[in-house]
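>
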Amino acid sequence: MTRPRTATIRDVAALAGVSVGTASKALNGRGSLRADTVARVRQAADQLDFHPNPAARSLHAGRSFTVGMITTDTIGRFSIPLLIGAEDTLGAGEMSVLLCDARDDPIREQHHLRILLSRRVDGIIVTGRRAGTRTPVAVAPGVPVVYAFLASSAATDCSVVPDEEGGARLAVDHLRTVGRRRIAVITGPEHHHSARVRARAAVAHLGESLAAPPLHGEWSEAWGRQAAGLLLAQRTEFDAVVCGSDQIARGAADALREAGRVVPRDVALVGFDNWDVIALASRPPLTSIDMDLEGLGRAAASLLLKAIGGSPSPGLHRHPAKLVIRDSTVRA
């Protein structure tokens with residue numbers, strides 16, 4: 001049985017009545033062609049069931065149409081939303097993403113870099129499981145790198161990070177809007193970048209509304225329960241708490257409820273991260289600051305595409321956070 005011949009770009013060009021070069025430009029979105037010409041070429045391609053050969057396309061363009069993503073976020077809490085956002089942007093250009101987990105191991109990271117570079121990736125996105133800064137990765141000349149969620153320590157690199165300070169200010173402004181005047185702060189370990197940044201921004205924005213010095217502990221519900229218990233035991237006057245994470249806020253909600261304090265009637269709570277597994281299961285559901293990780297991934301991919309195209313954007317780019325209001329601050 002004779003196999004049907006696969007249509008070629010020449011067949012498409014002949015059917016559309018254009019040159020092979022014009023057909024190629026129309027199908028790849030290059031050049032300045034008339035809209036009716038592009039439509040005619042694409043109609044011909046559909047009619048012939050023509051699909052460009054990826055290898056030929058890469059050879060012609062001098063690109064692999066693949067991007068590497070290196071992460072240390074083993075469980076995917078932060079890297080998966082970033083990956084989804086990046087693929088939203090890169091997928092529109094028919095680019096694929098190769099995800100590599102370095103697991104905080106420099107040797108493993110170097111191995112992944114060598115593999116990605118051997119596959120001639122067009123660029124690399126570097127991310128991790130916590131915000132802060134890291135040393136730049138060593139790549140071949142001409143391979144652009146964008147750091148997402150965490151930042152490169154080199155100011156000449158391109159880094160896209162969540163605006164955690166802005167998120168803390170959003171939390172304070174919201175609590176003031178709903179009438180809270182004595183606001184406490186419970187957050188994570190003092191050595192942790194995000195804990196320090198979120199607490200410092202909240203305290204500075206609260207001013208005289210700060211009910212007590214910020215409490216630092218673990219990123220856990222257990223610490224949230226303990227810290228809320230400390231505030232109650234010290235007879236601190238407070239009608240709201242800005243929490244450094246949703247886990248902490250959920251633990252604080254449990255402790256307040258057990259002490260007879262009604263959330264949000266007596267004490268309003270704002271979490272951070274908008275981790276729906278925690279925020280929606282809390283009693284009541286938590287108002288939280290969302291770092292918009294998918295949006296951050298889209299922004300990082302857009303900057304990477306510009307760099308691949310010869311227009312890099314060095315420096316630190318802050319991606320805005322969002323406030324998600326639920327029952328822990330506003331009574332239904």
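Sequence positions in the sequence shown follow the UniProt record's numbering and run 1 to 332. Backbone N, C-alpha and C fix where the C-beta goes; we use that ideal spot for every residue, glycine too.
#1: Could you tell me which of Ala255, Ile325, Asp327, Leu303 sits nearest to Val161, measuring between CA atoms?
#2: Counting only the same chain and skipping the five closest in sequence on each side, list residues whose C-beta sits under 7 Å from that of Asp105.
#3: Which residues in the same chain as Ala307 place their Cβ atom closer than 6 Å to its Cβ, once the five residues preceding and following it in sequence are excluded?
#4: Measuring only the C-alpha atoms, how far is Val67 from Val97?
#5: Could you tell me which residues DSSP puts in a beta bridge with Gly271?
#6: Considering Cα atoms alone, identify which of Asp276, Ser19, Ile186 is closest to Val324.
#7: What did DSSP end up calling Gly217 once you bin it into helix, strand or coil?
#8: If you count every other CB in all the chains shown that lies within 10 Å of the CB of Leu113, and 16 or more means buried, which is it?
#9: If you draw a straight line from the C-alpha of His191 to the C-alpha of Glu218, how long is it?
#10: Pro264: which of Ile278, Ala252, Ile125 sits nearest, CA to CA?
#11: Answer with buried or exposed for Gln247, where buried requires no fewer than 16 other C-beta atoms within 10 angstroms of its C-beta.
#12: Taking a contact to mean a Cβ-Cβ separation below 8 Å, would you say Arg235 touches Thr287 in this structure?
#13: To the nearest angstrom, report how far apart Ala151 and Arg63 are at their CA atoms.
#14: Out of curiosity, what's the CA-to-CA distance linking Ala45 and Phe65?
In brief:
#1: Leu303
#2: none
#3: Pro144
#4: 5 Å
#5: Ser288
#6: Asp276
#7: coil
#8: buried
#9: 11 Å
#10: Ala252
#11: buried
#12: no
#13: 26 Å
#14: 21 Å
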